[in-house]
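Peer 1: 1052 is the number of the first residue of the sequence shown in this note's numbering; add one for each residue after it.
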Amino acid sequence: VGALGSAGFHAAGTERATDRGNLILIGKTATAASIFFLFGLTGHAFGPAIGGVIIERFGMRGILLLTLVALPVAINSIYRLHWSVKDSDTSEVLSADKKESNSQNAYKRNMWVIVVFVLLVLFRTAPGMTSMTFLPKLFQDRGYSPGGYGFITSVYMFATAIGGLAGGMLADIWGRPRLILWSLLAAVLPMYYYPVIEGNLMYPLIFVAGFMNGASFSVVVVLAQSLLPNSRALASGLTLGFMFASGSLGAYLFGLAADLYPLPNVLQLNAVLCLLAALLSLFLQKDASAQNA
1052 VGALGSAGFH AAGTERATDR GNLILIGKTA TAASIFFLFG LTGHAFGPAI
1102 GGVIIERFGM RGILLLTLVA LPVAINSIYR LHWSVKDSDT SEVLSADKKE
1152 SNSQNAYKRN MWVIVVFVLL VLFRTAPGMT SMTFLPKLFQ DRGYSPGGYG
1202 FITSVYMFAT AIGGLAGGML ADIWGRPRLI LWSLLAAVLP MYYYPVIEGN
1252 LMYPLIFVAG FMNGASFSVV VVLAQSLLPN SRALASGLTL GFMFASGSLG
1302 AYLFGLAADL YPLPNVLQLN AVLCLLAALL SLFLQKDASA QNA
């Protein structure tokens, strides 16, 4: 139930964030989306560190304490459901069929771009999800306490949040496909080395890996909206849903591989996935609709 609620919130929330950003920030939709995702990713960043401390002190039952923090958020959401919503004007209602037709035409026109985009999302998302999933296991095997590997996971997630914000801002300056290309290329080396490096050097490597992989998170969602401009909420929902699904699939496959091969070597495959995603982004740069979105 929580997952369904989160999915519904993010699809509608992303569409509203980019819409307001286009108005308030004068066309800087990637920046607006990155700000929207910043707070959620920041919560993910602090979660493992806080959870690790709670588990050490209170055991698994201590996680229930976080429910108390979530209750005010739930109450606020229920309250806001009763706010009046301004009805769409008549012209928007009359043009609904035309928008739907335009959306279908845009989908057909950009079919090959969407195929490349889907593969890019798959290869870009899997490294982030597998890193978040297996970082605790990687450092637990090295003898770290729950608080220790929770902190390391938080470093990665915090870097992802900051990278997402910086990536959104830079995408509005450099262009979305270009930001995706260079951020993923920059993620290749840290993704390759952080699973096998020990000592103090691993912390900056983990941070850079999270920062560079996270830089394209919100940009990918905004790019999806540009492919379906008249169905932006649908585009956001489909993209985020596919991100989570592909990330889960990647974590599952990496888990199977880690049962047969050393986990550090399996995690090094994330560097290959980042490189493949970067190469796929070259095709998006050649597409006029992506460049002018």
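For each residue, glycine too, the CB sits at the ideal point set by N, CA and C. Quick caveat: nothing in here was measured; it's all calculated off a predicted structure.
Going by the C-beta, is M1263 closer than 7 Å to any heavy atom of the ligand FAD?
Peer 2: In the structure on display, the ligand FAD does not appear, and there are no ligands present to speak of.
Peer 1: Compute the beta-carbon to beta-carbon distance between G1301 and V1270, rounded to the nearest angstrom, for a pair I have assumed lies under 8 Å.
Peer 2: Actually they do not touch by this definition, with Cβ atoms about 20 Å apart.
Peer 1: Using three-state DSSP, classify D1310 as helix, strand or coil.
Peer 2: Three-state DSSP puts D1310 in coil, outside helix and strand.
Peer 1: Can you tell me the Cα-Cα spacing of D1148 and A1217, whole angstroms?
Peer 2: With a pLDDT of 44 at D1148, under the threshold of 50, the modelled position of that residue is not reliable, and the figure given next carries that caveat. Between D1148 and A1217, the C-alpha separation is close to 38 Å.
Peer 1: Considering only the alpha carbon of each residue, which of A1084, T1118 and A1286 lies closest to L1221?
Peer 2: Ranking A1084, T1118 and A1286 by Cα distance to L1221 puts A1084 first.
Peer 1: Within this structure, are the beta carbons of P1246 and P1315 separated by less than 8 Å?
Peer 2: In this structure, P1315 lies closer than 8 Å to P1246 by Cβ.
Peer 1: Can the beta-carbon of P1178 be found closer than 8 Å to that of N1321?
Peer 2: Going by C-beta atoms, P1178 is nearer than 8 Å to N1321.
Peer 1: What number of angstroms, rounded off, separates the C-alpha of L1089 from the C-alpha of A1125?
Peer 2: Approximately 20 Å between the Cα atoms of the pair.
Peer 1: I'd like to check one pair, C1325 with N1251: are the Cβ atoms closer than 8 Å?
Peer 2: Not in contact: N1251 and C1325 (Cβ atoms no closer than 8 Å).
Peer 1: Compare the C-alpha of G1214 against each of L1076, P1187 and T1082 and name the closest.
Peer 2: Here the closest residue by C-alpha is T1082.
Peer 1: At 4 residues or longer, what runs of the alpha helix (DSSP H) sit wholly inside the stretch 1267 to 1310?
Peer 2: Correct list: 1268 to 1278 and 1283 to 1309.
Peer 1: Between A1096 and M1208, how many whole angstroms is the CB-CB distance? I'm expecting something under 8 Å.
Peer 2: About 4 Å separates the two Cβ atoms, so the contact holds.
Peer 1: Can you tell me which of the three DSSP states L1076 falls into?
Peer 2: Residue state, collapsed to three classes: coil.
Peer 1: Is L1173 closer than 8 Å to A1329 when the C-beta atoms are compared?
Peer 2: No, the pair does not count as a contact, with Cβ atoms beyond the cut-off.
Peer 1: According to the Cβ coordinates, are L1235 and V1164 closer than 8 Å?
Peer 2: No, the pair does not count as a contact, with Cβ atoms beyond the cut-off.
Peer 1: Only counting the same chain, and skipping five residues up and downstream in sequence, which positions put a Cβ closer than 7 Å to that of S1139?
Peer 2: Residue placement at S1139 cannot be trusted, given a pLDDT of 43 that sits under 50; what the coordinates show is reported in the next sentence. Counting only Cβ-Cβ distances below 7 Å, and skipping sequence neighbours, we find nothing.
Peer 1: Assign M1111 to buried or exposed, taking buried as 16 or more other Cβ atoms, counted over all protein chains shown, within 10 Å of its Cβ.
Peer 2: M1111 is exposed by the Cβ-count criterion.
Peer 1: Would you grab the beta carbon distance between A1275 and F1185 for me? Rounded to a whole angstrom, and I think it's under 8 Å.
Peer 2: The Cβ separation is near 27 Å, so there is no contact.
Peer 1: Among residues of its own chain, excluding the 5 on either side of T1080, which ones have a beta-carbon nearer than 6 Å to its beta-carbon?
Peer 2: T1069, G1072, N1073 and V1273.
Peer 1: Only counting the same chain, and skipping five residues up and downstream in sequence, which positions put a Cβ closer than 6 Å to that of F1295?
Peer 2: For F1295, where only same-chain residues beyond five positions count, there are no Cβ hits under 6 Å.
Peer 1: Leaving out the 5 sequence neighbours to the left and right, which residues in its chain are closer than 7 Å to S1205 when beta-carbon positions are compared?
Peer 2: For S1205, where only same-chain residues beyond five positions count, the Cβ hits under 7 Å are A1096, F1097, P1099 and A1100.
Peer 1: Label G1078 either buried or exposed according to how many other C-beta atoms from any shown protein chain fall within 10 Å of its C-beta, with 16 as the threshold for buried.
Peer 2: Per the 10 Å Cβ criterion, exposed.
Peer 1: Label T1065 either buried or exposed according to how many other C-beta atoms from any shown protein chain fall within 10 Å of its C-beta, with 16 as the threshold for buried.
Peer 2: When all chains shown are included, T1065 counts as buried.
Peer 1: Y1195 to I1106, Cα distance in whole Å?
Peer 2: So the two alpha carbons sit approximately 14 Å from each other.
Peer 1: Just mark L1145 as buried or exposed, buried being the case when its beta carbon has 16 or more other beta carbons within 10 Å.
Peer 2: Confidence at L1145 is low in this model, with a pLDDT of 36, below 50, so the placement of that residue should be treated as unreliable; the coordinate-derived value is given next. Per the 10 Å Cβ criterion, exposed.
Peer 1: Would you report the Cα separation of Y1244 and I1086, rounded to the nearest angstrom?
Peer 2: Cα to Cα, the separation comes out at about 30 Å.
Peer 1: Run through the stretch 1221 to 1258 for me and flag every whole alpha helix (DSSP H) of 4 or more residues, listed as ranges in chain order.
Peer 2: Runs found: 1227 to 1244.
Peer 1: Excluding the 5 residues flanking F1334 on each side, which residues of the same chain have their C-beta closer than 7 Å to its C-beta?
Peer 2: Same-chain partners within the cutoff: V1167.
Peer 1: Is the distance from the Cβ of L1331 to the Cβ of L1171 below 8 Å?
Peer 2: Yes, the pair counts as a contact, with Cβ atoms nearer than the cut-off.
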